[in-house]
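Engineer: Before we start, here is the structure in question, set down as structure tokens.
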Amino acid sequence: MSFCYNKVWFVLLGKSLVFVGLLTVIGIGLYFWISKKLKNRLDQHPLL
Numbered sequence: 748m749s750f751c752y753n754k755v756w757f758v759l760l761g762k763s764l765v766f767v768g769l770l771t772v773i774g775i776g777l778y779f780w781i782s783k784k785l786k787n788r789l790d791q792h793p794l795l
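Taking my numbering, the leading residue of the sequence shown gets 748, the next gets one more, and so forth.
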């Protein structure tokens with residue numbers, strides 16, 4: 748019984764870790780993409 752429970756817990760933990768990892772990768776990718784776009788826009792239209 749406890750082995751089965753631990754296995755389910757391990758699977759849930761693994762899935763949540765994968766989910767968090769994917770969210771982190773997507774977030775970092777979006778951050779760099781947006782900052783790059785903003786930098787290009789600022790280079791084309793200087794604020795000063």
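Beta carbons: idealized from backbone N, C-alpha and C, even for Gly.
Taking only the alpha-carbon atoms, compute the straight-line gap between V758 and L769 and give it to the nearest angstrom.
Structural biologist: C-alpha separation (whole angstroms): 16 Å.
Engineer: Which value, in whole angstroms, describes the spacing of the CA atoms of Y750 and K786?
Structural biologist: It is worth fixing the name first, because residue 750 is Phe in this sequence and not Tyr. Roughly 53 Å between the two C-alpha positions.
Engineer: To the nearest angstrom, report how far apart K784 and D790 are at their CA atoms.
Structural biologist: Taking the straight line from one Cα to the other gives about 10 Å.
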